[in-house]
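Asks:
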RNA sequence: CGGGGAGUAGCGCAGCCAGGCAGCGCGCCUGCUUUGGGAGCAGGAGGCCGGGGGUUCAAAUCCCCCCUCCCCGACCA
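Numbering (our numbering), first residue to last: 5 to 663.
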């Protein structure tokens, strides 16, 4: 991992090139720096605060947004000189950015330490044999686990995308007995992922800073306790950083395990989405989210129970007769030549064209000349976890959801199941050939008529009526949940939120410990058992991006106190023309530092406008101005970047700005 | 991986269609003036026009190949 993370206190630099002499007061006494006691001081950071004269700081702000910036937060981080892109998805943390990163890390350390975890550091590079052992090397190169592989002299190595294997063998070799358990370890480490598409600046990158913790317990109940403790610590971290977070049900993906939660920060970037019930506590990532059946009066309880009890949110009770009475009297279905209409959009366009343009011999009832996607039945072929081909029916205006463990049909599947005609799948006649047809709740209240696939190349059928022309084997939540869909537990309308996944916690169980050598310990009765593990990841660099995204205005960044690179931005105005002003500003700088504040001192000989603009851009919470206007009256001016509140305090007691 | 767009000075861009001296703004350097919200004047430095090949008397410009970056999709912490 990069050495920059181990930030040792930097010695005060007194460069001979410094343009002016340092103030006579010592910048730092030999004794330990005073602990912050001011209201705005949350804690100390491990970063030395000595390099704080802007004339000595690597700071080159940009007036224009960089061309490749996708979001305001990203643009501001680049303009304000916090980060710089080296290649797609690869960023350098410049001095200011590193300070923010270090503050976030420190909050994470404090909370995890307080939760009884121990920090360690595993290597970023690991031998591929470890990944062969867990079986995950088979996932390399796939999107699920896009690891970088390195061919070295000593064999093949993996630039770690995550560390379950490494931690399992590491801890396994140290722990032999139940007496040594439970234990939870964590590290803050660079992770590497060969992303298909890095984007949103620091939000999705190839190299990222992450804190990952791993718990080891003797049994499942112990794992649950460790998990709950880790989740509680994570919530405290978000609370301190000032981000609103919602833990949601999610999918475990390539990490594995049963229970897992994503920590979603509501954000306008909306890289991810989740749904939340305003009534009960149901919250889920959009990928894992299920909806209940839209409830008529009195049906809510039943729908909720069904979903809660159902494995994939399905039930097998017979369909209710929700069909309008006239449906059964509707004209019988007709097959129609629909060349090339393999998508809902093209199908709708086909039928919405003028009647003469529909191809010869097509008899379309007048009622169908104007159809919408909602009038079509979208049928998607999927393979269940048991490798059973099924047809999933959803309304044409909604996306099919792939239940966990299932997958969409691939080329080979279509080749193996000639019943399924890609692009023209429909429910009619398939049940008779042994294909199970499942449907989304939202289809239950309408029997038809539907436009749907004819299971024949370039053909669809019109006027299809459920329970007359086909039947549904199972009802469930098979459509991607939309805003306002009923909660699967209580039936209340779900709210859809755009968000960023900031952390992810997993109950791994024995997924890794049962496969890795040394992944077991001796029980009290002398028998050998695998560890019950949990793993907990929180994206440090991603948090920095989210904070910037959620804390800025048109002028620049607005760092929350807890993670701001500095607490005070001291600006001298006109000091190059006034020795009195310069001395006053220097003295204020020293006083604030002696009071324990982290101060960035803009001592550059630049016009006031530039210094004010840069100050707004950097977003340090408190701005303090020492200029001739105030100095003549013996005062300095302060202003809160966030609230705009301002005032004056005497130059003889600048520490007053800290309370 | 599919579709679209773009690579010209540190940053943002024009020039390309219609081939003919490498440009503009910001930033940077020097000097003078100015001085509390991105100052003015004068002078200056800085480019393999992404790379390679081709066409041509002549290529930033036209053609071919490659690389990189960005966007949409797929996928994903």
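Here a beta-carbon is modelled for each residue, glycine too, at the ideal position from N, C-alpha and C.
Could you check the C-alpha separation between residue 169 and residue 138 for me, to the nearest Å?
Replies: The straight-line gap from Cα to Cα measures roughly 7 Å.
Asks: Does the beta-carbon of residue 66 have 16 or more other beta-carbons within 10 angstroms, so that it is buried, or is it exposed?
Replies: Exposed, since its Cβ has fewer than 16 Cβ neighbours within 10 Å.
Asks: My understanding is that residue 478 touches residue 442, with C-beta atoms under 8 Å, so please give their C-beta distance in whole angstroms.
Replies: The pair is a contact, with the Cβ atoms about 4 Å apart (cut-off 8 Å).
Asks: Do you know offhand how far residue 436's Cα is from residue 470's?
Replies: Each residue's Cα considered, the two are about 15 Å apart.
Asks: Looking at C-beta atoms only, is the number of pairs between the stretch 560–579 and the stretch 621–640 that lie closer than 8 Å three or more?
Replies: A contact exists between the stretch 560–579 and the stretch 621–640.
Asks: Could you tell me which residues DSSP pairs with residue 96 in its beta bridges?
Replies: According to DSSP, which records beta bridges pairwise, residue 96 is partnered with 88.
Asks: On the three-state DSSP scale, how would you describe residue 505?
Replies: Of the three classes helix, strand and coil, the one that applies to residue 505 here is strand, per DSSP.
Asks: What did DSSP end up calling residue 126 once you bin it into helix, strand or coil?
Replies: Here residue 126 sits in coil by DSSP.
Asks: Measure the alpha-carbon distance for residue 3 versus residue 494 and round it to whole angstroms.
Replies: The structure shown does not extend to residue 3, since the chain is modelled only from 5 to 663, so the question has no answer here.
Asks: Does the pairing of the stretch 375–390 with the stretch 404–414 give three or more beta-carbon distances under 8 Å?
Replies: Taking 8 Å as the limit for Cβ pairs, the verdict is that the stretch 404–414 does touch the stretch 375–390.
Asks: What are the uninterrupted segments assigned as beta strand (DSSP E) that are 3 or more residues long and contained completely in the stretch 558–634, given in chain order?
Replies: 572–577, 603–606, 626–631, all fully within the stretch 558–634.
Asks: Helix or strand or just coil, what does DSSP make of residue 154?
Replies: The answer is strand: DSSP assigns residue 154 an E or B state.
Asks: Quick check: what's the CA-CA separation for residue 206 versus residue 271?
Replies: Distance between the alpha carbons of residue 206 and residue 271: 14 Å.
Asks: Cutting at 6 Å between CB atoms, please list the residues of its own chain near residue 287, excluding the five before and the five after it.
Replies: Closer than 6 Å at Cβ, skipping near neighbours: 250, 252, 280.
Asks: Reducing DSSP to helix, strand and coil, say where residue 330 ends up.
Replies: Bear in mind that the predicted position of residue 330 carries a pLDDT of just 42, short of 50, making it unreliable; the figure below should be weighed with that in mind. Looking at residue 330 - three-state DSSP - the assignment turns out to be helix.
Asks: Would you grab the beta carbon distance between residue 180 and residue 525 for me? Rounded to a whole angstrom, and I think it's under 8 Å.
Replies: That pair is a contact at about 6 Å.
Asks: Between residue 259 and residue 459, what straight-line distance do the alpha-carbon atoms span, to the nearest angstrom?
Replies: Distance between the alpha carbons of residue 259 and residue 459: 38 Å.
Asks: Select from 145, 72, 545, 381 the residue whose C-alpha is nearest the C-alpha of residue 466.
Replies: The shortest Cα separation from residue 466 among 145, 72, 545, 381 belongs to 381.
Asks: Determine the burial state of residue 663: buried for a count of at least 16 other Cβ atoms within 10 Å of its Cβ, exposed for fewer.
Replies: Exposed, because fewer than 16 other Cβ atoms sit within 10 Å of the Cβ of residue 663.
Asks: Taking C-beta to C-beta, are residue 187 and residue 220 nearer than 7 Å?
Replies: Yes, the pair counts as a contact, with Cβ atoms nearer than the cut-off.
Asks: DSSP on residue 188, reduced to helix/strand/coil?
Replies: Of the three classes helix, strand and coil, the one that applies to residue 188 here is strand, per DSSP.
Asks: Are the CB atoms of residue 289 and residue 278 within a distance shorter than 7 Å?
Replies: Yes, they are a contact pair.
Asks: In this structure, does DSSP put residue 457 in helix, strand or coil?
Replies: Residue state, collapsed to three classes: strand.
Asks: In or out: residue 556 buried (at least 16 other Cβ within 10 Å) or exposed?
Replies: It counts as buried.
Asks: For residue 322, which residues from the same chain have a beta carbon less than 8 Å from its beta carbon, with the 5 sequence-adjacent residues on both sides left out?
Replies: Confidence is the limiting factor: at residue 322 the pLDDT is only 39, short of 50, which leaves the residue's position unreliable, though a coordinate-based value still follows. Taken in chain order, the list of residues that qualify is empty.
Asks: Which partner residues does residue 218 have in the DSSP bridge list?
Replies: 189, 539, per the DSSP bridge assignment.
Asks: What does DSSP give as the partner residue(s) for residue 211 in the beta ladder?
Replies: For residue 211, which the question treats as bridged, DSSP gives the partners 196.
Asks: By the 10 Å Cβ neighbour count, where 16 or more other Cβ atoms means buried, how is residue 648 classified, buried or exposed?
Replies: With fewer than 16 Cβ atoms within 10 Å of its Cβ, residue 648 is classed as exposed.
Asks: Using the three-state DSSP reduction, which class does residue 75 fall into: helix, strand or coil?
Replies: If DSSP states are grouped into helix, strand and coil, residue 75 belongs with coil.
Asks: Taking the C-alpha atoms as reference points, what is the distance between residue 116 and residue 236?
Replies: Rounded to whole angstroms, residue 116 to residue 236 spans 10 Å at the Cα level.
Asks: Go ahead and label residue 276 buried or exposed: buried means 16 or more other beta carbons lie within 10 angstroms of its beta carbon, across all protein chains shown.
Replies: It is buried - the Cβ of residue 276 has at least 16 other Cβ atoms within 10 Å.
Asks: Could you give the C-beta distance for residue 197 and residue 165, rounded to a whole number, given that I count them as a contact under 8 Å?
Replies: Indeed, because the Cβ distance is near 5 Å, the residues count as touching under 8 Å.
Asks: On the three-pair Cβ rule with 8 Å, is the stretch 228–242 touching the stretch 559–568?
Replies: Judged by Cβ distances under 8 Å, the stretch 228–242 makes no contact with the stretch 559–568, as fewer than three pairs qualify.
Asks: Helix, strand or coil: which one does DSSP assign to residue 548?
Replies: Residue 548: helix per DSSP, three-state reduction.
Asks: Consult DSSP for residue 121 and reduce its assignment to one of helix, strand or coil.
Replies: If DSSP states are grouped into helix, strand and coil, residue 121 belongs with coil.
Asks: For residue 446, name the three-state secondary structure that DSSP assigns.
Replies: Reduced to three states, the DSSP call for residue 446 is helix.
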